[in-house]
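Number of protein chains: 2
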Amino acid sequence: MRNAIPNIVTAVNLVLGMFAIIFTLQGDFAYAAFFVVAAMVADGLDGRVARYFGVSSDFGKELDSLCDLVSFGVAPAIMAYAYMLKDFSGGALIAAAFATCGALRLARFNVNTGTVKGYFMGLPIPAAGCVIATFILIGIKPSGWIFALMVAVFAYLMISTVRYPDFKGKEGEPIRIIPVIITLLVGAYILYLNLTFASILFVPFFAFALFGILNTIFGLFDGRSVQ
Amino acid sequence: MRNAIPNIVTAVNLVLGMFAIIFTLQGDFAYAAFFVVAAMVADGLDGRVARYFGVSSDFGKELDSLCDLVSFGVAPAIMAYAYMLKDFSGGALIAAAFATCGALRLARFNVNTGTVKGYFMGLPIPAAGCVIATFILIGIKPSGWIFALMVAVFAYLMISTVRYPDFKGKEGEPIRIIPVIITLLVGAYILYLNLTFASILFVPFFAFALFGILNTIFGLFDGRSVQ
Numbered sequence: 502m503r504n505a506i507p508n509i510v511t512a513v514n515l516v517l518g519m520f521a522i523i524f525t526l527q528g529d530f531a532y533a534a535f536f537v538v539a540a541m542v543a544d545g546l547d548g549r550v551a552r553y554f555g556v557s558s559d560f561g562k563e564l565d566s567l568c569d570l571v572s573f574g575v576a577p578a579i580m581a582y583a584y585m586l587k588d589f590s591g592g593a594l595i596a597a598a599f600a601t602c603g604a605l606r607l608a609r610f611n612v613n614t615g616t617v618k619g620y621f622m623g624l625p626i627p628a629a630g631c632v633i634a635t636f637i638l639i640g641i642k643p644s645g646w647i648f649a650l651m652v653a654v655f656a657y658l659m660i661s662t663v664r665y666p667d668f669k670g671k672e673g674e675p676i677r678i679i680p681v682i683i684t685l686l687v688g689a690y691i692l693y694l695n696l697t698f699a700s701i702l703f704v705p706f707f708a709f710a711l712f713g714i715l716n717t718i719f720g721l722f723d724g725r726s727v728q
Numbered sequence: 502m503r504n505a506i507p508n509i510v511t512a513v514n515l516v517l518g519m520f521a522i523i524f525t526l527q528g529d530f531a532y533a534a535f536f537v538v539a540a541m542v543a544d545g546l547d548g549r550v551a552r553y554f555g556v557s558s559d560f561g562k563e564l565d566s567l568c569d570l571v572s573f574g575v576a577p578a579i580m581a582y583a584y585m586l587k588d589f590s591g592g593a594l595i596a597a598a599f600a601t602c603g604a605l606r607l608a609r610f611n612v613n614t615g616t617v618k619g620y621f622m623g624l625p626i627p628a629a630g631c632v633i634a635t636f637i638l639i640g641i642k643p644s645g646w647i648f649a650l651m652v653a654v655f656a657y658l659m660i661s662t663v664r665y666p667d668f669k670g671k672e673g674e675p676i677r678i679i680p681v682i683i684t685l686l687v688g689a690y691i692l693y694l695n696l697t698f699a700s701i702l703f704v705p706f707f708a709f710a711l712f713g714i715l716n717t718i719f720g721l722f723d724g725r726s727v728q
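Which chain is which? The protein sequence lines are A and B, in order.
Quick note: the first sequence uses the numbering used here, first residue 502, plus one each step.
Quick note: the second sequence uses the numbering used here, first residue 502, plus one each step.
This is the structure:
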């Protein structure tokens, strides 16, 4: 039973992701976005629960990746399709590309576990999925091509070599001060423009994605990147 | 490039699965079912392509599982929800349970690879997904609770210990004659009742699922099961 507890939490992640797709089917984007964010909470818990009970397992890791793809790859992609991509030629392909990049990210991460330490290579799929879901929750509809480009960019960030801090390792990729300041300013400005519950959920995910890009760019100049 | 080819075929599997979900969103079950079956063809090819080029990899296996969950777990579950489960209280939970059992099946299979030979333990997820998709393609609408029970049974078969021949191993689980005869009779009878393109697609998947159950039950009596 002890062994099962973290895997049950992981399965909850998947169930919440399925609910997000089902609410999207019914045109209810607010509930769909809520379930994607709730899935992220479950996803953040399972590893901690496993370590607490001392029952981390290969089975648990496999299950975790599978559930992540549904909740943060497929569900946000289907939300994006139903929200705006459906009116954009090639929108189905962009939705499919988002899920595919998520799968490539997860497969690469699983194979590289243990060889890369201290940072994530590419935007983690929960962050990418939550950016899309919470952006839709805000309810702003930009031009079709801007939205399509945004989904494509976040899809690409997952399979990119942009480095993201994992907040666990002691000797991780250094966090640089100028990127932190720019990120905080941009985040504050978004909240100044649109201070709602939805944007308060959106900004941390967006800021994390933005910070990684800025931090990686600045890292090209100071030579302090972890190898 | 050679290394990429099988993984591209695997990604095609996922893209087809995403299209199946998108067509379900638009209420077009025929296209959705077609894409699930097409995904199964891509899924059948990737392993062969990898072996042909001699480039089987851990990355490819991880990616394959991830894509299988979307095409044969999530897509058929969402199809089942949109087709009939939505009118059944608890239907969303049954759809989510189908995807969850698919994920458990895939995680178990990946962890056990190399320890169990000659047969599959539990109905493989592509077969379970294709049974649901092609049943919906036939277009018959049974009572809501019968359909819900059917989805639940196929979900359970994936995580069961029912043994399925894998048609590869030389010393696999023996294929017993009486289950073969019963399966052929049932398959022929379904085609006799409803001879359509859809039922011709449905019967092989259904027969495979039924055969495993019968063969496992008969195996309890003859003591010839592989250990």
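Backbone N, C-alpha and C define an ideal beta-carbon position, used for all residues, glycine too.
| request: Can you give me, in chain order, the residues of the stretch 542-570 of chain A that have a beta carbon less than 7 Å from any beta carbon in chain B? | output: Cβ contacts with chain B: D559, F560, E563, L564, S566, L567, C568, L570.
| query | Should the stretch 692-706 of chain A be regarded as contacting the stretch 654-666 of chain A, the criterion being three or more beta carbon pairs within less than 8 Å? | reply | Contact fails: fewer than three Cβ-Cβ distances are below 8 Å.
| request: Starting from A/P627, follow its DSSP beta bridges and name the residues at the other end. | output: Here residue 627 of chain A is taken as the residue at index 126 of the first sequence, counted from 1. None; A/P627 has no bridge partner.
| Can you give the beta carbon distance from B/A583 to A/L526, rounded, assuming they're within the 8 Å contact cut? | Residue 583 of chain B sits at position 82 when you count from the first residue of the second sequence. Residue 526 of chain A sits at position 25 when you count from the first residue of the first sequence. That pair is a contact at about 6 Å.
| request: Would you kindly work out how many angstroms separate the C-alpha atoms of B/A534 and B/A628, rounded to a whole number? | output: Stepping through the second sequence from its first residue, residue 534 of chain B is reached at position 33. Stepping through the second sequence from its first residue, residue 628 of chain B is reached at position 127. One C-alpha to the other measures close to 13 Å.
| query | Going along chain A, which residues have a C-beta under 8 Å from B/R730? | reply | The first residue shown for chain B is 502 and the last is 728, placing residue 730 of chain B beyond what the model contains.
| query | For the candidate residues A/D559, A/G528, A/V575, whose alpha-carbon lies nearest to that of A/A540? | reply | One-based indexing of the first sequence puts residue 540 of chain A at position 39. Nearest option by C-alpha distance: A/V575.
| field | Best match in A/C602, A/G619, A/A531, A/F610 for proximity to A/F655 [C-alpha to C-alpha] | value | Numbered from 1 along the first sequence, position 154 holds the residue referred to as residue 655 of chain A. Nearest of A/C602, A/G619, A/A531, A/F610 to A/F655, Cα basis: A/C602.
| query | Can you tell which of B/L694, B/G591, B/T635, B/R503 has the C-alpha that lies nearest to the C-alpha of B/S557? | reply | As a first step, residue 557 of chain B must be located in the second sequence, where it is residue number 56. For the residues B/L694, B/G591, B/T635, B/R503, the minimum Cα distance to B/S557 belongs to B/R503.
| said: Let me confirm a value: A/G630 is counted as buried when at least 16 other C-beta atoms fall within 10 Å, else exposed. Which label applies? | reply: Counted from its first residue, the first sequence places residue 630 of chain A at position 129. A/G630 comes out buried.
| said: So B/I579 contacts chain A; which residues on that side make the cut at Cβ distance below 9 Å? | reply: As a position in the second sequence, residue 579 of chain B is number 78, starting the count at 1. One finds M519, I522, I523, L526, I579 in chain A with Cβ atoms closer than 9 Å to the Cβ of B/I579, taken in chain order.
| For B/M622, the residue or residues it bridges with in DSSP | Numbered from 1 along the second sequence, position 121 holds the residue referred to as residue 622 of chain B. Secondary-structure assignment with DSSP links B/M622 through a beta bridge to B/R664.
| request: Please list the residues of the stretch 680-692 of chain B that have a C-beta atom closer than 7 Å to any C-beta atom in chain A, keeping them in chain order. | output: So the list is empty, because no residue satisfies the distance condition.
| Proximity test, Cβ basis, 8 Å: B/L605 and chain A | Here residue 605 of chain B refers to the residue found at position 104 when the second sequence is read from its first residue. Chain A contact via Cβ: present.
| task | Kindly list the residues whose CB is nearer than 8 Å to the CB of B/L546, restricted to its own chain and excluding five residues on each side of it in sequence; keep chain order. | result | Numbered from 1 along the second sequence, position 45 holds the residue referred to as residue 546 of chain B. Only V510 meet the Cβ criterion.
| said: Taking CB distances under 8 Å as the criterion, tell me whether A/A512 reaches chain B. | reply: Taking the first sequence and counting its residues from 1, the one referred to as residue 512 of chain A is at position 11. It does: the Cβ of A/A512 has a partner Cβ on chain B nearer than 8 Å.
| Closest by CA to A/N611, which one among A/D565, A/V542, A/P643? | Mapped onto the first sequence, residue 611 of chain A falls at position 110. For A/N611, the nearest C-alpha among the options comes from A/D565.
| task | Would you please verify whether the beta carbon of B/L638 is less than 8 Å from any beta carbon of chain A? | result | Within the second sequence, residue 638 of chain B is the residue found at index 137, counting from 1. Not an interface residue.
| task | Anything in chain B within Cβ reach of A/Y665, meaning under 7 Å, just list it in chain order. | result | Stepping through the first sequence from its first residue, residue 665 of chain A is reached at position 164. Per Cβ cutoff of 7 Å: no residues; A/Y665 is ~20 Å from chain B at best.
| Whose C-alpha, out of A/N716, A/A689, A/I595, is nearest the C-alpha of A/I676? | Counted from its first residue, the first sequence places residue 676 of chain A at position 175. The shortest C-alpha separation from A/I676 is found at A/N716.
| task | Closer than 7 Å, Cβ to Cβ, to anything on chain A: give me those residues from the stretch 586-604 of chain B, in chain order. | result | Residues passing the 7 Å Cβ filter: A593, A596, A597, A600, T601, A604.
| B/F554 and B/P577 look like a contact to me (Cβ under 8 Å); what is the Cβ gap, rounded to whole Å? | Counting from one through the second sequence, the residue named residue 554 of chain B turns up at place 53. Counting from one through the second sequence, the residue named residue 577 of chain B turns up at place 76. Contact between B/F554 and B/P577 is absent: CB atoms are separated by about 30 Å, not below the 8 Å threshold.
| query | Looking at C-alpha atoms only, which residue of B/A689, B/F668, B/F712, B/N695 is the closest neighbour of B/P680? | reply | Locating residue 680 of chain B in the second sequence gives position 179, where the first residue counts as 1. Ranked by Cα distance from B/P680, the first of B/A689, B/F668, B/F712, B/N695 is B/F712.
| Do B/V516 and A/A597 have their CB atoms nearer than 8 Å? | The count along the second sequence starts at 1 and reaches residue 516 of chain B at position 15. The count along the first sequence starts at 1 and reaches residue 597 of chain A at position 96. Their beta carbons are under 8 Å apart, which means B/V516 touches A/A597 by this criterion.
| query | CB B/Y620 to CB B/E674, shorter than 8 Å? | reply | Locating residue 620 of chain B in the second sequence gives position 119, where the first residue counts as 1. Locating residue 674 of chain B in the second sequence gives position 173, where the first residue counts as 1. Yes. Within cutoff.
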